[in-house]
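In what follows, a structure is listed as structure tokens, so that the remarks can point back to it.
Numbering (mature numbering (1 follows the signal peptide of the UniProt record, and there is no 0)), first residue to last: -23 to -1, 1 to 474.
Pasting the structure below:
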């Protein structure tokens, strides 16, 4: 049995999938893994609910920092902090390579595997309410679509696995990368299947599981990408717009106070479409623990108002907001202080000079042990949805003013008239929409994808300016470890063999 277990783990490593295997204690022989998985586990509605919860738990592991690294780390919004950067500079300086490739796809395939198991076995389980079964399947299809969408944006083509990996043989274990077109075809198919299964348009409790509106937001995101990056053209833009408008349900709203969106005690508020749940004793901290400031590094000579806004310190300032962000906001924009704080200290002449910048989104809460970075990680919220609608409209030659002005009205309040958006033509509108997404969504793991989708990464990322002959950098390298586990995996062009 130990030999079987070893082979299963080896198969998992090669595919990027971790399988639930059974341990042996002394001479105690348990039911073989395959029998437990199929005959023993997938029998009741409660079994299925437990498996669904497991899928979200493993997805949370990826959301703690990896989604942010892939979606923002290389975008130029971050730079050196007070602490040693511990390799994070490889992202914002855009010097990733196969030896330092960032997070690989291994653990993403654990989430795919969980979704595949649900899709395979839930149809054969009797449920008290058929609508609950359909919703569970819809969530699994949506999760698989989101994970493959993220991987395709990151690496291009990836191995496409759509059934559970429950054994070990070379044919199923060592898979080549499918084309990026094939991956997106699967993503779109999964989204359409999911949307056909959701029994209603309701949002989940706490907004921490997939719903039909959140799936439509994801569908709009996907079709915006394929319209602009895979020659989907107006047909995909129209599909994106329709999906995004379907997601715009009455229960969603922009919170009047921007900072309230991210408060720990205001999780699942009316602006949230989909978030990943973090909670004490259930999970580790999330990515903002590396962008705040330690108590002993808060300078006594800083502006007392700034010190008051910082409150209790916590985490490590390994990287922080760059001038791309700090120079982008006007003082009348309420998003500014809710996004970052600039700390200055007096020099020998008494003049204030820069000391550090910290991110104030997702700053957690304080308990007797200190500051705890356990905010939910937001995947989609209403302002993001509005700006995607504006993007789709503009690309189709329509006026995006309505959605842009909803976002700006909340941002500027009484000063709104000085910032009212008016249609300036497609190219100028695109620039304004991309800039608005920076102001609205900084440090939410969106900026790199936005830049790539708008084809602006080599123009707007400081470390990529003048490197237009290195277009391969738009995709991430595949780690040497990933290639060593599967000889059929080829490296992305530009990164060597």
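By construction, the Cβ of each residue, glycine as well, lies at the ideal position given by its N, Cα and C atoms.
Around the beta-carbon of residue 430, 16 or more other beta-carbon atoms lie within 10 Å, marking it buried. Assigned with DSSP and collapsed to three states, residue 138 falls in coil, not helix or strand.
Spanning the alpha carbons of residue 254 and residue 186 requires a straight line of approximately 9 Å. By the neighbour-count definition (other C-beta atoms within 10 Å, threshold 16), residue 448 is an exposed residue.
At a cut-off of 4 residues, the continuous stretches assigned as alpha helix (DSSP H) that sit fully inside the stretch 174 to 254 are 189 to 206, 210 to 224. 318 is the residue among 318, 348, 137, 441 whose C-alpha sits nearest the C-alpha of residue 281.
Straight across, the Cα-Cα distance linking residue 153 with residue 43 is about 23 Å.
In this structure, the alpha-carbon of residue 416 lies about 20 Å from that of residue 251. Per DSSP, the unbroken alpha helix (DSSP H) holding residue 117 starts and ends at 107 to 132. Under the criterion of beta carbons closer than 8 Å, residue 343 and residue 274 do not qualify as touching, at roughly 17 Å.
170 is the residue among 145, 376, 170 whose C-alpha sits nearest the C-alpha of residue 121.
Its chain contains 85, 88, 89 as the residues whose beta carbon lies nearer than 7 Å to that of residue 124, once the 5 sequence neighbours on both sides are disregarded; these appear in chain order. Excluding its 5 nearest sequence neighbours in each direction, residue 226 has C-beta neighbours in its own chain below 7 Å: 178, 190, listed in chain order. For the pair residue 238 and residue 358, the CB atoms are nearer than the 8 Å cut-off. Excluding five sequence positions before and after residue 366, the CB atoms of its chain that fall closer than 6 Å to its own CB belong to 221, 380, given in chain order. Within the DSSP bridge table, the entry for residue 342 names 349 as partners. Nearest in C-alpha terms to residue 292, of all of 268, 332, 276, is 268.
Residue 470 sits in coil when the DSSP states are folded into three classes, being neither helix nor strand. Judged by beta-carbon spacing, residue 457 lies beyond the 8 Å limit of residue 136, meaning their Cβ atoms are not closer than that value.
Remark: C-beta atoms of residue 286 and residue 243 do not approach each other more closely than 8 Å. Within a 10 Å sphere around the beta-carbon of residue 437 sit 16 or more other beta-carbons, which makes this residue buried. Annotation: residue 388 to residue 338 spans about 15 Å, alpha carbon to alpha carbon.
Around the beta-carbon of residue 173, fewer than 16 other beta-carbon atoms lie within 10 Å, marking it exposed. Taking 8 Å as the upper bound for CB-CB distance, residue 270 and residue 322 are not in contact here, some 13 Å apart.
Residue 317 carries a strand assignment under DSSP once its states are collapsed to helix, strand and coil. Taken in chain order, the stretch 253 to 286 contains no complete alpha helix (DSSP H) segment of 4 residues or longer. Remark: C-beta atoms of residue 294 and residue 39 do not approach each other more closely than 8 Å. Taking residue 98 as the centre and dropping the five residues before and after it, the same chain places the C-beta of 19 closer than 6 Å to its C-beta, in chain order.
A distance below 8 Å separates the beta carbons of residue 56 and residue 297. When Cβ pairs closer than 8 Å are counted between the two stretches, the stretch 400 to 410 is seen not to touch the stretch 347 to 358, the count staying below three. Residue 443 carries a coil assignment under DSSP once its states are collapsed to helix, strand and coil.
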